[in-house]
Structure formats: structure tokens, C-alpha cells
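Residue numbering for the sequence shown is 0 to 510, as defined by numbering that gives the first Met the number 0.
What follows is a set of notes on a single structure, which appears directly below.
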Amino acid sequence: MLQILACDKVSKTYPNGLEALKEVSFDVNKGEIHAIVGENGAGKSTLMNILFGMIKPSSGEIRFKDSPFSPKHPSEAIDLGIGMVHQHFKLVQSITVAENVVLGMENRFQNKIRKIDRAEMNRSVASLIEKLKMSISPDDRIEDLPISKKQQVEILKVLYRDTEFIILDEPTAVLAPNEVEDFLEFVMEIRKMGKTVVFISHRLGEVFAIADRITILRRGTLVGTYEKKEVDRESIANMMIGADTDLTEHPENFLKEEVLLSVEGLADVSGVLKDLSFNLHAGEILGFAGVGGNGQEELFEVLAGNLKLSSGEIKLRGSSLIQLDTLARRRAGIAYITDDRMKKGLAPDRSIIENTMAGHHRFGVFGKALIDKSKARAFAKSIIADYDVRAGKNLKTAVRALSGGNMQKLLVGREIAYNPAVLVASQPTAGVDVAARKLIHDSFRKLSETGSGVVLISGDLEEIMDLANRIIVLYRGRAVAEMTYPNYDTTEIGYYMTGIRGSQDVHWSHS
0 MLQILACDKV SKTYPNGLEA LKEVSFDVNK GEIHAIVGEN GAGKSTLMNI
50 LFGMIKPSSG EIRFKDSPFS PKHPSEAIDL GIGMVHQHFK LVQSITVAEN
100 VVLGMENRFQ NKIRKIDRAE MNRSVASLIE KLKMSISPDD RIEDLPISKK
150 QQVEILKVLY RDTEFIILDE PTAVLAPNEV EDFLEFVMEI RKMGKTVVFI
200 SHRLGEVFAI ADRITILRRG TLVGTYEKKE VDRESIANMM IGADTDLTEH
250 PENFLKEEVL LSVEGLADVS GVLKDLSFNL HAGEILGFAG VGGNGQEELF
300 EVLAGNLKLS SGEIKLRGSS LIQLDTLARR RAGIAYITDD RMKKGLAPDR
350 SIIENTMAGH HRFGVFGKAL IDKSKARAFA KSIIADYDVR AGKNLKTAVR
400 ALSGGNMQKL LVGREIAYNP AVLVASQPTA GVDVAARKLI HDSFRKLSET
450 GSGVVLISGD LEEIMDLANR IIVLYRGRAV AEMTYPNYDT TEIGYYMTGI
500 RGSQDVHWSH S
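Right, here's the structure in full:
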């Protein structure tokens with residue numbers, strides 16, 4: 000097949016000495032779907048950012064369509080026919096699909112009196128929508144679309160600019176199971192148009208569903224590029240981490256009768272949560288599934304004491320938490336893994352040792368008056384060792400220097416070190432690799448084995464089904480379904496997550 004892109008010994012070393020890429024060579028064929036997989040810190044994002052002109056390589060050569068390629072800015076990459084869709088959407092919610100798609104190109108549709116010809120603009124966008132067999136209208140407002148359609152609009156924006164080579168960064172991370180299949184079919188339609196797609200994913204099932212070839216990176220180096228028929232999920236996982244990996248996971252039964260956390264008739268002042276009730280038992284992992292924006296964030300903030308209730312009760316071992324702030328709830332026995340490690344979980348510009356100490360210092364762990372530095376160092380080192388945080392030897396290094404997966408492991412380790420009665424974890428493995436995901440999952444199982452309970456809030460249904468003894472589905476702030484392991488049905492859960500099924504179909508146990 001004809002090559003569209005070739006990288007020859009591409010390296011990237013940052014000023015602090017970190018080697019993100021070490022002489023990586025690979026190629027992409029025109030019209031193929033090419034997956035890039037690897038652990039966090041393997042260099043996937045660095046490589047894609049180089050291709051999109053966001054950062055410069057330290058050495059090596061890149062050729063695009065058989066010509067030397069070294070964009071200094073994303074605009075140069077776009078002009079050459081390369082587009083990138085990031086994990087976090089960049090759409091303007093209050094305007095239409097067509098307005099978002101042509102944003103920055105509106106002058107194409109100016110009439111003689113320099114006004115935008117909206118009819119012509121809509122016809123132009125509608126033509127591409129029809130080619131891609133999309134079920135949206137140019138007049139639809141972004142704020143009215145489900146997540147899956149918003150993602151399609153992001154790709155539509157890229158394709159509208161005559162892009163030949165599309166980079167997708169974790170494209171299914173925010174989608175419900177039944178939406179994933181539709182999205183993968185959508186990507187196949189893009190290929191039928193003659194486009195080339197490169198996508199980063201941690202979900203190996205999706206990789207094998209649509210990729211023609213798979214490139215594996217490990218710690219900044221190339222492991223290899225393989226035809227899909229040459230490998231399987233286990234061999235890919237083993238090559239990613241350099242060791243044998245068992246991908247099989249299922250919930251463990253450490254469930255006890257004792258009710259640790261009791262929630263009754265919960266409604267928050269923002270009006271998102273509506274009459275939510277559940278119990279969490281000792282030794283139980285209780286999963287909350289749902290497409291983003293259906294009350295998961297509000298549930299976390301209510302349990303953390305950051306969002307006030309308009310009605311309802313929350314009790315920990317029979318004692319009300321309603322009047323307690325976050326610190327007091329920690330003292331009562333609740334720990335929290337937030338969904339945004341950079342903004343809410345960690346202090347990126349503070350050191351590794353300061354971040355591991357955070358919160359624990361209030362409980363006299365390192366001394367009552369002055370901090371015992373030797374205890375603080377030992378505490379940090381134990382978390383780094385137990386959770387395989389690849390942080391180097393200098394504990395004074397800013398957390399920002401760590402890869403996303405290592406930041407997450409540091410955060411998880413710090414919170415579990417509280418030995419909480421209840422751990423509330425929101426999106427605990429978002430954006431982490433196979434090995435980090437398994438380590439975090441195992442840490443939750445070990446915690447539940449000790450009799451603690453875990454409230455697991457995740458947009459990753461596979462993760463919830465791997466861990467949870469029970470699953471509650473949230474839709475528009477309500478609990479619309481409850482299922483107990485092993486009676487899980489991915490398709491049915493997906494229907495509830497997207498509102499195809501409703502609460503009238505559900506029989507409740509509130510166990």
C-alpha cells in the first residue's frame with residue numbers, strides 16, 4: 000500500500016532530561032485505520048503532538064506524502080491535511096452544528112453586503128453530513144446533542160477542512176456501550192471516503208474491531224507494528240508492559256451485611272440529582288454507570304460535602320454526614336478520588352512528597368506540631384513503591400513532570416492510605432494504561448477485602464462490570480436501573496444509560 004506518513008528515528012528529550020521518545024520509526028499507509036497503543040508515559044501523546052505541530056522533535060525525520068514534514072504550529076499541519084480530535088471537545092455549546100463546523104471560515108459564506116449566507120453555509124455542511132451518513136442536522140444546537148453526536152461534530156469540523164489524515168485521541172472514552180458500536184461504524188465510513196485514521200486507545204477490544212495495523216510503544220521506544228491478524232489482546236498487553244498480563248477480571252465477593260453508607264431521597268440544590276437512594280455494604284464495590292452529565296459529578300460532590308442538598312439524608316454507620324464538611328467527613332472515615340487529578344486531586348506545581356502528604360498532615364501522621372521529614376519521605380516512598388509510581392529518585396520533583404498514569408497512581412495510593420471505611424472514586428482509571436488500570440483495580444479489591452466499601456463512579460462500563468458487585472445506572476439524575484453480579488447485560492445497561500429504557504421497567508431492591 001502507498002505510504003502517507005513515515006517517521007524515521009524520531010526522538011524527543013525535554014529540558015529536564017526526560018526522554019519521551021527514543022528513535023521511534025513507523026509508517027502509516029494511506030486509507031488505513033492505524034492504532035497506537037502503549038502504557039501511560041509510553042510516548043503516544045508526544046508522538047501525536049509532534050505530528051500535529053504542537054511540539055518539535057529533538058531529532059529524526061518525518062515525511063508526509065513523501066515530502067519532508069516539520070510543522071511548527073497546528074495551523075501548518077492543518078494546511079497540509081492533518082487534523083486532530085482531542086479527548087476534550089472544543090465546541091461552542093450555544094451555536095449550531097454548521098456554525099461550529101465553519102468556525103474561522105465564515106468569510107467563505109459572506110454575500111455581497113458582507114453578511115453570512117446561512118442557507119448556503121447549512122447546505123455546505125449538510126452535504127458532508129450526508130456523505131458520512133450522520134443523523135444530525137446543520138441547524139441542531141450543540142447543547143441539545145448527546146455526547147456521541149458532539150464527538151461526531153468534532154470530526155466533522157476536521158473533515159470539513161479537507162483533512163486527509165485524522166488523529167483521534169481516546170475517541171470512545173466518553174461514550175456509552177451502545178454508542179461505541181455506532182462510533183466505530185462512523186470511523187469505518189470515514190475510511191470509505193479515502194481518509195487515513197490514526198487513533199490512540201487503551202480499549203483493546205475496539206482496537207481489534209477496526210484497526211488494520213497496530214503500533215505498540217513502551218517507555219518511549221517502539222516495540223513494533225503488527226497486522227491485526229498477527230497478534231491478540233493478550234500479546235498486545237504483554238508487549239505494552241514487557242511482562243505477561245492476565246486481562247481477565249471479575250468482581251470478588253467480600254460482601255458483608257453491615258451497611259456502611261446509607262443514602263435516602265437525595266436531591267441537590269442544582270436540581271440534577273432526583274430522589275436518589277442506595278445502601279453501600281461493608282466489603283462491597285457499588286458501581287454507578289452513566290453517560291457523562293447525568294448526575295455522576297453531582298453525586299461525587301454531594302458525598303464529598305461540596306454540593307448542598309435540597310432534600311435527603313446521608314449516613315455513615317448510622318451517623319448523619321449532612322452538616323459535615325469534606326475534612327470532617329474524612330475524619331469520619333471517607334476518602335475521595337476525584338475525577339480531575341490536575342485541578343482537584345493534586346497540586347501539579349508542588350512536589351511529589353508534598354502531594355503524598357496532602358490531607359494526611361492534618362491527622363498528625365507526620366508529627367503533631369512540626370512535620371517529621373523522615374516520616375514524610377518514608378510515607379511518600381511507600382506509596383511510590385506500592386503503586387509502582389515511576390517518579391524517579393527526587394521526591395522534590397513537581398508532580399506535573401509525571402505522566403498522567405503515574406499521577407493517578409499517586410493520587411489513588413494517597414487516598415487508600417487513609418484506610419477509609421468508604422472510598423468514593425470518580426473516574427479512577429480515566430486515561431490510564433492497561434497495567435495501571437489493573438493495579439488500581441486490584442487496590443480497590445484489596446480495600447474491599449478488608450471490609451471497606453467502595454462507591455465507584457465511572458463512565459467506563461467495562462471497568463464497572465470488572466469490579467462492582469452491584470451496578471446502579473444514572474440517567475438525568477435518577478437511578479433508572481439496578482443489577483447485581485453476575486446478572487449483567489451490557490446491551491441492557493447501555494439502553495438505560497442512554498434513556499432507551501426507563502425507570503418504569505425497573506424493580507428495586509435498594510440493597
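A virtual CB, placed ideally from N, CA and C, is assigned to each residue, including glycine.
Around the beta carbon of E256, fewer than 16 other beta carbons lie within 10 angstroms, which makes this residue exposed. Shown here for L302: same chain residues with a beta carbon closer than 6 Å to its own, the five before and five after excluded, namely V423 in chain order. In this structure, the alpha-carbon of K64 lies about 49 Å from that of L298. With contacts defined as CB atoms closer than 9 Å, Y484 and P250 qualify as a contacting pair. The continuous alpha helix (DSSP H) containing F443 extends over residues 433-448.
The residues A266, G476, R477, in chain order, have a CB closer than 7 Å to that of K273 in the same chain once the five nearest residues on each side in sequence are set aside. Along the region 158-183, the beta strand (DSSP E) occurs as fully enclosed runs of 3 or more residues at 164-168, listed in sequence order. For D465, the enclosing alpha helix (DSSP H) begins and ends at 460-466. Between the alpha carbons of L279 and K149 lies a gap of roughly 35 Å. Excluding the 5 residues flanking it on each side, S10 has same chain C-beta neighbours closer than 6 Å at L20, K21, E22, S57, S58, G59, in chain order.
A384 is not a Cβ neighbour of G404, given a cutoff of 9 Å. Looking at the DSSP output, P67 bridges to R62. Between I213 and K227 a beta carbon distance of about 6 Å is seen, short of the 8 Å cut, so the two are scored as contacting. With a 10 Å radius around the Cβ and a threshold of 16 neighbouring Cβ atoms, F378 comes out buried.
The beta carbon of I352 is closer than 8 Å to those of A375, R376, A379, L394, K395 in its chain, skipping five residues each way along the sequence. Relative to the Cα of L254, the nearest Cα in the group S234, E283, I235, N237 belongs to E283. Listed in chain order, the non-local C-beta contacts of S350 below 8 Å within the same chain comprise L394, K395, T396, A397, V398, local neighbours out to five positions each way being set aside. Straight-line measurement puts the Cα of M464 at about 14 Å from the Cα of V453.
The three-state secondary structure of T195, taken from DSSP, is strand. In summary, E205 is buried, with 16 or more beta-carbon neighbours lying within 10 Å of its beta-carbon over all protein chains present.
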